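Just so we're aligned: the sequence shown equals residues 40 to 216 in the working numbering. Quick reminder that beta carbons are idealized off the backbone N, C-alpha and C, glycines included. If you're wondering where the values come from, they're calculated on a predicted model, not measured in any experiment.
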Amino acid sequence: MAMPFMGDLEEVTRQHVLLAVRDGYDGLLVERLSSRQAMPVLYRVGGRLPLHSTGVGLVLLAFAEPGFQEEVLARPLVHEPEKVAVSPAALRRTLAEIRRDGVATFRRRTPQPLVSVAAPVFGADDEVAAALSVVVPQEHAEPRLLGPAVRTAARSISRGLGARRSIGHTGGPFSPS
């Protein structure tokens with residue numbers, strides 16, 4: 040269901056497009072498309088991604104139940120591979136911004152500078168079923184342009200899954216009439 044929309048996003052961005060679901064305290068990468076022009080990355084289907092320090096992970100965490108969010112915030116949180124501690128208060132603010140805007144932008148400095156822009160995919164129960172992202176080199180990152188493209192693809196996948204809820208063009212909840 041997601042592949043045609045992921046393919047469109049990959050064609051437009053010429054970068055990596057990832058689809059992940061929440062599995063315990065991690066994101067589980069269930070699909071990846073990569074343009075030949077995209078920089079090499081270590082993401083692989085079946086790989087696990089931290090919820091607190093990846094674009095797809097932040098989306099999955101932002102739309103998770105509040106009790107689960109607090110469980111994650113109570114754990115030691117470190118951005119890998121930079122080994123930088125994550126402040127629970129700062130992460131709470133970030134999660135609120137993601138819920139408000141309907142998109143997460145995550146920047147990683149090492150081993151290669153990259154930016155991930157991610158949006159939620161809603162299932163038939165109108166709960167977040169997955170997160171979709173595009174991963175680009177920092178020098179090509181334009182989140183203002185990538186955000187709408189990722190949200191549009193995520194919204195299309197959500198509709199295909201039977202969701203009535205999605206994120207509108209400018210962020211924030213959207214429910215069709």
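To which residues of the same chain is residue i closer than 6 Å at the C-beta, ignoring the five residues directly before and after it?
| i | result |
| --- | --- |
| residue 73 | 55 |
| residue 116 | 91, 125 |
| residue 185 | 156, 173 |
Measuring alpha carbon to alpha carbon, tell me which residue in the options is nearest residue i.
| i | options | result |
| --- | --- | --- |
| residue 156 | 166, 102, 191, 95 | 95 |
| residue 63 | 111, 171, 69 | 111 |
| residue 134 | 154, 115, 147, 93 | 93 |
| residue 154 | 166, 164, 163, 176 | 176 |
| residue 107 | 183, 163, 164, 65 | 65 |
| residue 163 | 89, 81, 88, 194 | 194 |
| residue 166 | 148, 185, 132, 201 | 201 |
| residue 109 | 89, 88, 131 | 131 |
Short check: CB of residue i to CB of residue j, under 8 Å?
| i | j | result |
| --- | --- | --- |
| residue 97 | residue 143 | yes |
| residue 158 | residue 141 | yes |
| residue 161 | residue 197 | yes |
| residue 103 | residue 61 | yes |
Under three-state DSSP, which class holds residue i?
| i | result |
| --- | --- |
| residue 199 | helix |
| residue 55 | strand |
| residue 164 | coil |
| residue 145 | strand |
| residue 136 | helix |
| residue 105 | helix |
| residue 70 | strand |
| residue 114 | coil |
Which residues in the same chain as residue i place their Cβ atom closer than 7 Å to its Cβ, once the five residues preceding and following it in sequence are excluded?
| i | result |
| --- | --- |
| residue 137 | 97, 98, 101, 143 |
| residue 214 | Here the model assigns residue 214 a pLDDT of 44, short of 50, so the residue's position is not dependable and the matter cannot be decided. |
| residue 58 | 41, 45, 69, 70, 169, 171 |
| residue 86 | 68 |
| residue 180 | 154 |
| residue 199 | 40 |
| residue 88 | 59, 65, 66, 68, 95, 96 |
Only counting the same chain, and skipping five residues up and downstream in sequence, which positions put a Cβ closer than 8 Å to that of residue i?
| i | result |
| --- | --- |
| residue 53 | 74, 76, 77 |
| residue 188 | 48, 51, 52, 173 |
| residue 208 | At residue 208, the pLDDT of 48 sits below 50, so the modelled position is not reliable; the number obtained from the coordinates is stated separately. If we look at residue 208 and ignore the five residues flanking it on each side, its Cβ neighbours are 187, 190, 191. |
| residue 83 | 68, 71 |
| residue 152 | 146, 176, 177, 178 |
Is residue i a contact residue of the ligand FAD, with contact defined as CB to any heavy atom under 7 Å?
| i | result |
| --- | --- |
| residue 115 | Inclusion of the ligand FAD in the displayed structure is not the case, the ligand content being empty and no account of it being possible. |
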